[in-house]
Amino acid sequence: MDTQFTVFDVLQIAEEVQTKAARFCLLAAGRCADEERRELCHSLAEWRLRQRDAWRRIRHQYAERTGECGVFDPDNYVRSHPWTMAGLTGYGTDPNRHSRPTGRETKEQILHDAMRQAQSILIFYQGLKEFARGPDSLLMIDNVIGEEQRHIRRLVHVLEQAQTPDDHCRQLAVVP
Numbered sequence: 001m002d003t004q005f006t007v008f009d010v011l012q013i014a015e016e017v018q019t020k021a022a023r024f025c026l027l028a029a030g031r032c033a034d035e036e037r038r039e040l041c042h043s044l045a046e047w048r049l050r051q052r053d054a055w056r057r058i059r060h061q062y063a064e065r066t067g068e069c070g071v072f073d074p075d076n077y078v079r080s081h082p083w084t085m086a087g088l089t090g091y092g093t094d095p096n097r098h099s100r101p102t103g104r105e106t107k108e109q110i111l112h113d114a115m116r117q118a119q120s121i122l123i124f125y126q127g128l129k130e131f132a133r134g135p136d137s138l139l140m141i142d143n144v145i146g147e148e149q150r151h152i153r154r155l156v157h158v159l160e161q162a163q164t165p166d167d168h169c170r171q172l173a174v175v176p
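The sequence shown runs 1 to 176 under this note's numbering.
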């Protein structure tokens, strides 16, 4: 039997992706010696956590409306463990990965890395479309992709700004 993801599954995966991304940003923040870069990493983490909370609310509303909720299926490990799928996005669980933050990255490097990671998330969701169960799941994946694209546009905007260092962090929190 092929694995197919429902809307509920997609939302669970999206939540876990955001959680992993936020953890990565917080790890980076903890390694930054100066306040400016630490604040930038915290802003990135806050955005990811707000997005995770939004996907969680949507999942709860969807479950209430449809009665669908996650079901543990020992015969389908991937569907029963959304964190496994989320680990495929570039925010894997291996703490010894070569791309882990050192704390010596510049603001520009932090933003470029955040864009690279968001691009890998986009690629992941494009691939996930092949496993969608029906048009509602496809639509939800498209919604998740749209949010990642919005995040990338926000990061590009912040990177392009030729403002004082403190403005970079403020822009990340404000730009739609």
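Every residue gets a Cβ at the ideal spot worked out from N, C-alpha and C, and that includes glycine. All values reported here derive from a predicted model rather than from experimental measurement.
In whole angstroms, what separates the C-alpha of residue i from that of residue j?
{"i": "residue 126", "j": "residue 48", "result": "19 Å"}
{"i": "residue 155", "j": "residue 65", "result": "34 Å"}
{"i": "residue 133", "j": "residue 9", "result": "10 Å"}
{"i": "residue 12", "j": "residue 104", "result": "33 Å"}
{"i": "residue 28", "j": "residue 109", "result": "12 Å"}
{"i": "residue 136", "j": "residue 14", "result": "15 Å"}
{"i": "residue 95", "j": "residue 102", "result": "Because residue 95 sits at a pLDDT of 42, beneath the cut-off of 50, its placement in the model cannot be relied upon, and the following sentence gives the value as read from the coordinates. Residue 95 and residue 102: Cα-Cα distance of roughly 12 Å."}
{"i": "residue 106", "j": "residue 138", "result": "37 Å"}
{"i": "residue 153", "j": "residue 144", "result": "14 Å"}
{"i": "residue 16", "j": "residue 55", "result": "10 Å"}
{"i": "residue 159", "j": "residue 120", "result": "19 Å"}
{"i": "residue 26", "j": "residue 50", "result": "14 Å"}
{"i": "residue 130", "j": "residue 36", "result": "41 Å"}
{"i": "residue 116", "j": "residue 147", "result": "15 Å"}
{"i": "residue 4", "j": "residue 46", "result": "31 Å"}
{"i": "residue 2", "j": "residue 32", "result": "44 Å"}
{"i": "residue 161", "j": "residue 41", "result": "17 Å"}
{"i": "residue 59", "j": "residue 34", "result": "38 Å"}
{"i": "residue 39", "j": "residue 24", "result": "14 Å"}
{"i": "residue 142", "j": "residue 128", "result": "10 Å"}
{"i": "residue 61", "j": "residue 140", "result": "14 Å"}
{"i": "residue 157", "j": "residue 63", "result": "36 Å"}
Does the distance between the C-beta of residue i and the nearest non-hydrogen atom of the ligand ATP fall short of 7 Å?
{"i": "residue 4", "result": "In terms of ligand content, the structure shown is empty, and the ligand ATP therefore cannot be addressed."}
Just confirm the distance between the C-beta atoms of residue i and residue j, as a whole number of angstroms; I'd bet it's less than 8 Å.
{"i": "residue 68", "j": "residue 19", "result": "Not a contact, Cβ separation roughly 21 Å."}
{"i": "residue 22", "j": "residue 57", "result": "16 Å between Cβ atoms; not a contact."}
{"i": "residue 44", "j": "residue 118", "result": "At roughly 10 Å, the Cβ-Cβ gap does not stay under 8 Å, so residue 44 and residue 118 are not in contact."}
{"i": "residue 149", "j": "residue 111", "result": "The Cβ separation is near 16 Å, so there is no contact."}
For residue i, which residues does DSSP report across the bridge?
{"i": "residue 5", "result": "132"}
According to DSSP, is residue i helix, strand or coil?
{"i": "residue 161", "result": "coil"}
{"i": "residue 127", "result": "helix"}
{"i": "residue 104", "result": "coil"}
> Could you give the uninterrupted runs of the alpha helix (DSSP H) lying entirely in the region 14 to 74, keeping only those of 4 residues or more?
Replying inline: 35 to 66
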